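Enquirer: Residue numbers (this note's numbering), protein chains in the order written: chain B, 2 to 228; chain E, 221 to 447. The structure under discussion is supplied below as structure tokens; questions concerning it will follow.
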């Protein structure tokens, strides 16, 4: 089977697992919303919250990403399905792309909720001129996060103490996405007088990040899960 | 059901499994210490031996999951020393884990594993039927099944995958009397259709009656037994 066909099969399976279990909907989304509420309690200043809202949204995304990646690979390792996928001769690159696709789709839903929470809790306002930049930022950053999450999820899947190892390994690596996506989102929302043109250079960084981890992950995933 | 890959002329002249003085390690522990075994196509071979003797490692090596450190190993005509991944889509391994997704239904699981070899709907239905799952159980999430029902589901997935070489580790474990009979009939049917079956089991009476040959694994080595 082609890599792309495997990717679609694995992505459909992962989304079906979520549809049946509702773990992301019932647990991860409330967790992310709770993090946003806690930020509001901790800072307790509307002006300050509005100013730092883009960073808080992406920080909440990173925390939620860790939980989602752990869930995505717990499903594979709980009953030896990852081994079974290898024995089935399924192309590892297809598994990587499929899992990243499903993770990206779930992240996109999560980010809509977080953006909604920012509008409600932090009085964040969308600017018409920045919508294209905002959507592009979300697409590029989500793609990069999905690739990194899947790559490091696969790396940690067979390791002892993977629950604590995953954030240790992954969070430093996604720092460029946190910085780039926060700056681009600030530009899209006009935070502190920023304009959309200030944000586009960051899109280049996000796109490069996604490309590097997408290609690298597709090529390296087989060796990672084999070890 | 037909095997996933039709045997070629080259396959016909090779035994299904040919291991010569194979050494394999798990970490620093020698799992196989000079194991030699030849299994002809269509045979059902029982591996017996005490716990930790190397039966599971032998099965995992034949499935291309465990690397060959020394010796020669050919499975279905594929040289595992040169590339152990080459055999993977032609074998089916049922280990201690079932390789199932607990949140998906029985039918979802069989459909997913069948899709990895492009099994048709008819073949999926036949696999469910063969293992006595084409009833109300088909729509039950695997997580709600008993251990025996999960084992049946895993076997149905294996049937749907149309493997040429079946590698089964304690396949009767957890099955009720009817399930054991269905399993034995399925294995005999698969062997009659040209598949090769290697069963590791402590249930010597039942598995011994099923097998055409019995070998003993002790201390990582294989010894032929008189029947």
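Glycine included, each C-beta is placed from N, C-alpha and C at the ideal position. Predicted model, so just to flag it, every value in this text is computed and none were measured.
#1: For residue 19 of chain B, which residues from the same chain have a beta carbon less than 6 Å from its beta carbon, with the 5 sequence-adjacent residues on both sides left out?
#2: Rounded C-beta distance between residue 252 of chain E and residue 418 of chain E? I'm assuming under 8 Å.
#3: Going by other Cβ atoms of all chains shown within 10 Å of its Cβ, with 16 needed for buried, is residue 356 of chain E buried or exposed?
#4: How about residue 151 of chain B and residue 104 of chain B: are their beta carbons less than 8 Å apart?
#5: Going straight from the alpha carbon of residue 229 of chain B to that of residue 285 of chain E, what length do you get?
#6: Taking just the CA atoms, how far does residue 288 of chain E sit from residue 281 of chain E?
#7: Assess, as a yes-or-no matter, whether the region 374-385 of chain E is touched by the region 326-333 of chain E under the definition of 3 or more beta carbon pairs within less than 8 Å.
#8: Check residue 430 of chain E in the structure and name its three-state DSSP category.
#9: Measuring CA to CA, which of E:292, E:339, E:407 is closest to residue 415 of chain E?
#10: Work out the CA separation of residue 429 of chain E and residue 389 of chain E for me, nearest whole Å.
#11: Exposed or buried, what is residue 121 of chain B when buried is set at 16 or more other beta-carbons lying within 10 Å of its beta-carbon?
#12: Measure the alpha-carbon distance for residue 43 of chain B versus residue 182 of chain B and round it to whole angstroms.
#13: Going by DSSP, what residues sit across from residue 493 of chain E in a beta bridge?
#14: Counting C-beta neighbours from all protein chains within 10 Å, is the total for residue 161 of chain B 16 or more, i.e. buried, or is it exposed?
#15: Using beta-carbon positions only, say whether residue 86 of chain B and residue 96 of chain B come within less than 8 Å of one another.
#16: So that I know if they touch, is there some Cβ in chain B lying closer than 8 Å to that of residue 332 of chain E?
#17: Are the C-beta of residue 199 of chain B and some C-beta of chain E separated by less than 8 Å?
#18: Pull up the CB-CB distance for residue 383 of chain E and residue 310 of chain E, whole angstroms please, since I reckon it's below 8 Å.
#19: Can you find the residues in the same chain that come closer than 7 Å, C-beta to C-beta, to residue 400 of chain E, ignoring five residues on each side of it along the sequence?
#20: Given that a residue counts as buried once 16 or more other Cβ atoms are within 10 Å of its Cβ, and exposed if not, what is residue 272 of chain E?
#21: Quick one, are the C-beta atoms of residue 138 of chain B and residue 189 of chain B less than 8 Å apart?
#22: Can you find the residues in the same chain that come closer than 6 Å, C-beta to C-beta, to residue 12 of chain B, ignoring five residues on each side of it along the sequence?
#23: So residue 444 of chain E is in the alpha helix (DSSP H); what residue range does that whole segment cover?
#24: Using a Cβ-Cβ cut-off of 8 Å, state whether residue 163 of chain B counts as contacting chain E.
#25: If we ignore side chains and look at the alpha-carbon of each, how far apart do residue 337 of chain E and residue 381 of chain E end up?
#26: Output needed in chain order: residues of the region 69-93 of chain B with a Cβ under 7 Å from some Cβ in chain E.
#27: Could you check whether the Cβ of residue 14 of chain B sits closer than 8 Å to any Cβ belonging to chain E?
#28: Using a Cβ-Cβ cut-off of 7 Å (strictly less than) and excluding sequence neighbours within five positions of residue 55 of chain B, which residues of its own chain qualify?
#29: Using a Cβ-Cβ distance cut-off of 8 Å, determine whether residue 175 of chain B contacts chain E.
#30: Note down, in chain order, every chain B residue with its Cβ under 8 Å from the Cβ of residue 381 of chain E.
#31: Starting from the Cα of residue 275 of chain E, find the closest Cα among E:335, E:250, E:296, E:397 and give me that residue.
#32: Out of curiosity, what's the CA-to-CA distance linking residue 88 of chain B and residue 5 of chain B?
#33: Between residue 295 of chain E and residue 435 of chain E, is the Cβ-Cβ spacing less than 8 Å?
#34: Apart from the five residues on each side of it in sequence, which residues of its chain come closer than 7 Å, Cβ to Cβ, to residue 177 of chain B?
#35: Would you report the Cα separation of residue 403 of chain E and residue 351 of chain E, rounded to the nearest angstrom?
#36: Return the residue from the list E:268, E:437, E:277, E:237 that minimises the CA-CA distance to residue 246 of chain E.
Expert: So, to answer that:
#1: Residues 25 of the same chain have their beta carbon placed closer than 6 Å to that of residue 19 of chain B, with the five preceding and five following residues left out of the count.
#2: About 14 Å separates the Cβ atoms of residue 252 of chain E and residue 418 of chain E, ruling out a contact at the 8 Å cut-off.
#3: Its Cβ having fewer than 16 others within 10 Å, residue 356 of chain E is exposed.
#4: Yes.
#5: The structure shown has nothing for residue 229 of chain B, since chain B only spans 2 to 228.
#6: Those two C-alpha atoms are separated by around 7 Å.
#7: Yes, the region 326-333 of chain E touches the region 374-385 of chain E.
#8: Looking at residue 430 of chain E - three-state DSSP - the assignment turns out to be helix.
#9: Taking residue 415 of chain E as reference, the option from E:292, E:339, E:407 with the minimal CA-CA separation is E:407.
#10: Here the alpha carbon of residue 389 of chain E sits roughly 16 Å from the alpha carbon of residue 429 of chain E.
#11: By the neighbour-count criterion, in which a residue is buried when 16 or more other Cβ atoms sit within 10 angstroms of its Cβ, residue 121 of chain B is exposed.
#12: Their backbone Cα atoms lie some 23 Å apart in a straight line.
#13: One cannot answer for residue 493 of chain E here, as it falls past the ends of chain E, which runs 221 to 447.
#14: With fewer than 16 other Cβ atoms from the protein chains shown falling within 10 Å of its own Cβ, residue 161 of chain B counts as exposed.
#15: Their beta carbons are under 8 Å apart, which means residue 86 of chain B touches residue 96 of chain B by this criterion.
#16: Closer than 8 Å: yes.
#17: Chain E contact via Cβ: absent.
#18: Right, the Cβ-Cβ distance comes to about 7 Å (below 8 Å), so this counts as a contact.
#19: Contacts found: 392, 426.
#20: Exposed.
#21: Going by C-beta atoms, residue 138 of chain B is nearer than 8 Å to residue 189 of chain B.
#22: The residues are 99, 102, 103.
#23: Premise fails: residue 444 of chain E lies in the beta strand (DSSP E), 441-444, not in any alpha helix (DSSP H).
#24: No, residue 163 of chain B does not count as interfacial toward chain E.
#25: In a straight line, the C-alpha of residue 337 of chain E is about 6 Å away from that of residue 381 of chain E.
#26: So the list reads 76, 79, 80, 81, 82, 84, 85, 87, 88, 89, 90, 91, given in the order they occur along the chain.
#27: With 8 Å as the cut-off, residue 14 of chain B counts as an interface residue toward chain E.
#28: Answer for residue 55 of chain B: 183, 186, 187, 190, 192, listed in chain order.
#29: False, the Cβ-Cβ gap to chain E never drops below 8 Å.
#30: Per Cβ cutoff of 8 Å: 89.
#31: Answer by Cα proximity: E:250.
#32: One C-alpha to the other measures close to 19 Å.
#33: With respect to residue 435 of chain E, residue 295 of chain E sits apart: the two C-beta atoms are not nearer than 8 Å.
#34: Same-chain partners within the cutoff: 206, 210.
#35: Rounded to whole angstroms, residue 403 of chain E to residue 351 of chain E spans 7 Å at the Cα level.
#36: Closest option to residue 246 of chain E, judged by alpha-carbon separation, among E:268, E:437, E:277, E:237: E:277.
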